[in-house]
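Colleague: Starting off with a structure, shown below.
Number of protein chains: 2
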Amino acid sequence: MTPSEVKLPAFERPTLVREGVYQHLRGAILGGEFSPGERLGEVELSARLGVSRTPVREAMMRLTQDGLIDTEANKGMRVRQLALPEITETYVVREELDGLAAALAAEHHTASDAAALRSALAQLDAASPSADQSNNYREQTLLDLAFHRRVVEAAHNAVLLSLCRDLEVRVALIKHQTRTFNAYLHTHDQHAAILEAVLSRDAEGARRAARHHVRTFGALVLADLAAAPAHAAHTGETA
Amino acid sequence: MTPSEVKLPAFERPTLVREGVYQHLRGAILGGEFSPGERLGEVELSARLGVSRTPVREAMMRLTQDGLIDTEANKGMRVRQLALPEITETYVVREELDGLAAALAAEHHTASDAAALRSALAQLDAASPSADQSNNYREQTLLDLAFHRRVVEAAHNAVLLSLCRDLEVRVALIKHQTRTFNAYLHTHDQHAAILEAVLSRDAEGARRAARHHVRTFGALVLADLAAAPAHAAHTGETA
DNA sequence: GCTGACTCGATTGTATACAATATCCACATG
DNA sequence: CATGTGGATATTGTATACAATCGAGTCAGC
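Going down the list, the protein sequences come from chains A and B.
With the first sequence counted from 1, adding 41 to any position gets you our numbering.
With the second sequence counted from 1, adding 41 to any position gets you our numbering.
Structure below.
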């Protein structure tokens, strides 16, 4: 027995086809490669991915359950488009849950969590400062989500992680619906505040910081939507 | 246009087969008709329900995503069994979310919500008082979940409802794993306290009451599990 | 000219056939 | 006698075939 490698990454098996399709589509939607409301045909996807309809259907079933796509019986599936009320609701819930996550992270984070958090924030900062906005928008979005995910992971609560994963999906969809709105405003300071409170094991401070961040950000998004409520179809990259 | 019926119940169509299978299995698992850990074969279920494997597979895919069953590649699916850490985590998160739900319900509930809440509590009380314990255990469990669900619905936040639905699954599974532990202790008073605070639109009071209820109940469940941690297979109705 | 029903095309829903993988038991071997 | 290997069996994973449903375009009727 070679105990040298304490955690070998589980030897990723020749993963199931449906799993591959699921991951691929999920990433594509979260990455914004499909416009909200865009129709997804089974046959087209099957052909594009070179597999049969079966695993595609099963993957889309999961995505529906995840809330990434809407399914209407006999009418196919399309990328989910969130209405304004649901966006408001998302931020209400997220404030509570991210607050809890930050508080728990402050209490339970390990040394490796701390390192991961610092790294995630550094990556986010590296992508944000003043680089071309439109180009790395997707990257920023993903890195932002990754940082928040790290916080939740540091809480060491699998149930919370699972729920936050659901919210993450909605946040990602929202961000793509408000693409015109550029993200990195004063988020850096807020992220840093969360990180600092977590690292110093100040649970209530972390909770406050996280809640404040979500509230601020949510308000900005909602303001943006109120200003231009008819985003509708964001097919191309508008100037 | 016949505006007389404001909300006709959507005329439940000759529902999709996979939907029927999903509802059936979900109800069966939540109702405790399958023992935790029990194996569910596709062919057996297909035969029993008189449909092909396809809709069964798709339903089980959704159930897996819901967290009701575990799936291992090429090894089939079995009813999920929660480990103690996850049970602890569930109550931590539920305290936060049920608290939020109660607070929002206090702020946003309508007259019909109020009626539904009162009715739900009355039903629960009718089933609980001192009736035979083991006989209507399932009914009590379902009614208890229904009351809490009503509170969440009264909050009028679809995102929160969706997340609480996930938690509800876990709570139901936990209740079945701790079947020996009988439920209706002083829960009535706590339920009544939540209801009263909600109806009097006391948001923070409702939050406190809900959190207190979850904390109390969670502690009891955990104590029960600590006393008899090896529940393992609860196949028959033990005496 | 407009409204309504009908038919055709396309797409999804379900069932079944085929392939791949895992589990179990027998058997040979040390 | 224990252990490892081999094959048989059963179950899941994927592909395809068939049925049902939906949408659009068209033509008849008013």
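No residue lacks a Cβ here, since even glycine has one placed at the ideal position from N, Cα and C.
In this structure, what does DSSP give as the bridge partners for residue 118 of chain B?
Modeller: As a first step, residue 118 of chain B must be located in the second sequence, where it is residue number 77. Partner(s): B:81, B:112.
Colleague: How would you label residue 182 of chain B, buried or exposed, when you count the other beta carbons within 10 angstroms and need 16 or more for buried?
Modeller: Stepping through the second sequence from its first residue, residue 182 of chain B is reached at position 141. With 16 or more Cβ atoms within 10 Å of its Cβ, residue 182 of chain B is classed as buried.
Colleague: Anything in chain B within Cβ reach of residue 203 of chain A, meaning under 8 Å, just list it in chain order.
Modeller: Residue numbering aside, residue 203 of chain A sits at position 162 when the first sequence is read from its first letter. Those within 8 Å of residue 203 of chain A in chain B are 108, 207.
Colleague: Answer yes or no: does any C-beta atom of chain A fall closer than 8 Å to that of residue 102 of chain B?
Modeller: On the second sequence, residue 102 of chain B is found 61 positions in, with the first residue counted as 1. Yes, contact with chain A.
Colleague: Under DSSP, the alpha helix (DSSP H) around residue 143 of chain A begins and ends at which residues?
Modeller: To locate residue 143 of chain A, count along the first sequence from 1; it is residue 102. It spans 125-149 - the alpha helix (DSSP H) in which residue 143 of chain A sits, taken as one unbroken run.
Colleague: Examine chain A for any beta-carbon lying closer than 8 Å to the beta-carbon of residue 151 of chain B, and answer yes or no.
Modeller: Walking along the second sequence from the start, residue 151 of chain B turns up at place 110. Closer than 8 Å: no.
Colleague: Going along chain A, which residues have a C-beta under 7 Å from residue 57 of chain B?
Modeller: Within the second sequence, residue 57 of chain B is the residue found at index 16, counting from 1. In chain order: 114.
Colleague: Quick check: residue 243 of chain A and residue 156 of chain A, are their CB atoms within less than 8 Å of each other?
Modeller: In the first sequence, residue 243 of chain A corresponds to position 202, counting from 1. In the first sequence, residue 156 of chain A corresponds to position 115, counting from 1. No, the Cβ-Cβ distance between residue 243 of chain A and residue 156 of chain A is not below 8 Å.
Colleague: Alpha helix (DSSP H) containing residue 197 of chain A: first to last residue?
Modeller: Translated into positions along the first sequence, residue 197 of chain A becomes position 156. Premise fails: residue 197 of chain A is in no alpha helix (DSSP H) and is neither H nor E.
Colleague: Run through DSSP, which three-state label would residue 58 of chain B get?
Modeller: To locate residue 58 of chain B, count along the second sequence from 1; it is residue 17. In this structure, residue 58 of chain B counts as helix in the three-state DSSP scheme.
Colleague: Does any C-beta atom of chain A lie closer than 8 Å to the C-beta of residue 141 of chain B?
Modeller: Residue numbering aside, residue 141 of chain B sits at position 100 when the second sequence is read from its first letter. Interface residue, yes.
Colleague: What is the DSSP secondary structure of residue 188 of chain B, reduced to helix, strand or coil?
Modeller: On the second sequence, residue 188 of chain B is found 147 positions in, with the first residue counted as 1. Helix.
Colleague: Is the closest heavy atom of the ligand SAM to the C-beta of residue 60 of chain A under 7 Å?
Modeller: No copy of the ligand SAM appears in this structure; indeed no ligand is present at all.
Colleague: With a cut-off of 8 Å, does the C-beta of residue 211 of chain B fall near any C-beta of chain A?
Modeller: Mapped onto the second sequence, residue 211 of chain B falls at position 170. True, the Cβ-Cβ gap to chain A drops below 8 Å.
Colleague: Would you kindly work out how many angstroms separate the C-alpha atoms of residue 275 of chain B and residue 76 of chain B, rounded to a whole number?
Modeller: Position 234 of the second sequence, counted from the first residue, corresponds to residue 275 of chain B. Position 35 of the second sequence, counted from the first residue, corresponds to residue 76 of chain B. Caution applies to residue 275 of chain B, whose pLDDT of 38 falls short of 50 and renders its modelled position unreliable; the value that the coordinates give is listed next. Approximately 6 Å between the Cα atoms of the pair.
Colleague: Need the endpoints of the alpha helix (DSSP H) that residue 160 of chain B sits in, please.
Modeller: On the second sequence, residue 160 of chain B is found 119 positions in, with the first residue counted as 1. From DSSP, the alpha helix (DSSP H) with residue 160 of chain B extends over 152-168.
Colleague: Alpha carbon to alpha carbon, how far is residue 66 of chain A from residue 281 of chain A? Give it in angstroms, no decimals.
Modeller: Because chain A in this structure spans residues 42 to 280, residue 281 of chain A falls outside the shown range and cannot be described.
Colleague: Looking at residue 199 of chain A and residue 130 of chain B, is the spacing between their C-beta atoms short of 8 Å?
Modeller: What you label residue 130 of chain B is simply residue 89 of the second sequence in a count that begins at 1. What you label residue 199 of chain A is simply residue 158 of the first sequence in a count that begins at 1. Yes; because the gap between Cβ atoms is below 8 Å, this pair is in contact.
Colleague: Of all the residues that make up the region 123-136 of chain B, which are near chain A by a beta-carbon distance shorter than 8 Å?
Modeller: Those would be 126, 127, 130, 131, 133, 134, in chain order.
Colleague: When you compare only the Cα positions, how much space is there between residue 95 of chain A and residue 73 of chain A?
Modeller: If you number the first sequence from 1, residue 95 of chain A lands on position 54. If you number the first sequence from 1, residue 73 of chain A lands on position 32. One C-alpha to the other measures close to 24 Å.
Colleague: Counting only beta-carbon atoms, is residue 194 of chain B nearer than 8 Å to chain A?
Modeller: For the purposes of this step, residue 194 of chain B is taken as residue 153 along the second sequence, with counting starting at 1. No, residue 194 of chain B does not count as interfacial toward chain A.
Colleague: Please confirm whether residue 199 of chain B has its beta-carbon closer than 8 Å to some beta-carbon of chain A.
Modeller: What you label residue 199 of chain B is simply residue 158 of the second sequence in a count that begins at 1. Judged by the 8 Å Cβ criterion, residue 199 of chain B is in contact with chain A.
Colleague: Closest Cβ-Cβ distance between residue 99 of chain B and chain A: below 8 Å?
Modeller: Position 58 of the second sequence, counting from 1, holds the residue named residue 99 of chain B. Yes, because at least one Cβ of chain A sits closer than 8 Å to the Cβ of residue 99 of chain B.
Colleague: Rounded C-beta distance between residue 196 of chain A and residue 149 of chain A? I'm assuming under 8 Å.
Modeller: If you number the first sequence from 1, residue 196 of chain A lands on position 155. If you number the first sequence from 1, residue 149 of chain A lands on position 108. So it is a contact: roughly 6 Å between Cβ atoms.
Colleague: Alpha carbon to alpha carbon, how far is residue 69 of chain A from residue 233 of chain B?
Modeller: Numbered from its first residue, the first sequence carries residue 69 of chain A at position 28. Numbered from its first residue, the second sequence carries residue 233 of chain B at position 192. Cα to Cα, residue 69 of chain A sits roughly 47 Å from residue 233 of chain B.
Colleague: Any idea what DSSP makes of residue 243 of chain A, helix, strand or coil?
Modeller: As a working mapping, residue 243 of chain A is identified with position 202 in the first sequence. Here residue 243 of chain A sits in coil by DSSP.
Colleague: Expressed to the nearest angstrom, what Euclidean distance is found between the alpha-carbon atoms of residue 154 of chain B and residue 86 of chain A?
Modeller: What you label residue 154 of chain B is simply residue 113 of the second sequence in a count that begins at 1. What you label residue 86 of chain A is simply residue 45 of the first sequence in a count that begins at 1. About 44 Å.
Colleague: Check residue 262 of chain B in the structure and name its three-state DSSP category.
Modeller: Start at 1 with the first residue of the second sequence, and residue 262 of chain B comes out as number 221. The answer is helix: DSSP assigns residue 262 of chain B an H, G or I state.
Colleague: Write down the C-beta distance between residue 141 of chain B and residue 236 of chain B rounded to the nearest angstrom, noting that I regard them as a contact closer than 8 Å.
Modeller: Locating residue 141 of chain B in the second sequence gives position 100, counting from the first residue. Locating residue 236 of chain B in the second sequence gives position 195, counting from the first residue. No, residue 141 of chain B and residue 236 of chain B are not in contact; Cβ-Cβ is about 17 Å, not under 8 Å.
Colleague: Nearest-angstrom Cα distance between residue 80 of chain B and residue 101 of chain B?
Modeller: Your numbering for residue 80 of chain B matches position 39 in the second sequence. Your numbering for residue 101 of chain B matches position 60 in the second sequence. Cα to Cα, the separation comes out at about 12 Å.
Colleague: Tell me whether residue 48 of chain B sits in a helix, a strand or coil according to DSSP, three-state version.
Modeller: Mapped onto the second sequence, residue 48 of chain B falls at position 7. Because the pLDDT at residue 48 of chain B is just 46, under 50, the model does not fix this residue reliably, and the value given afterwards should be weighed accordingly. Here residue 48 of chain B sits in coil by DSSP.
Colleague: How many angstroms separate the CA atom of residue 64 of chain A from the CA atom of residue 268 of chain A?
Modeller: What you label residue 64 of chain A is simply residue 23 of the first sequence in a count that begins at 1. What you label residue 268 of chain A is simply residue 227 of the first sequence in a count that begins at 1. Their Cα atoms are separated by approximately 34 Å.
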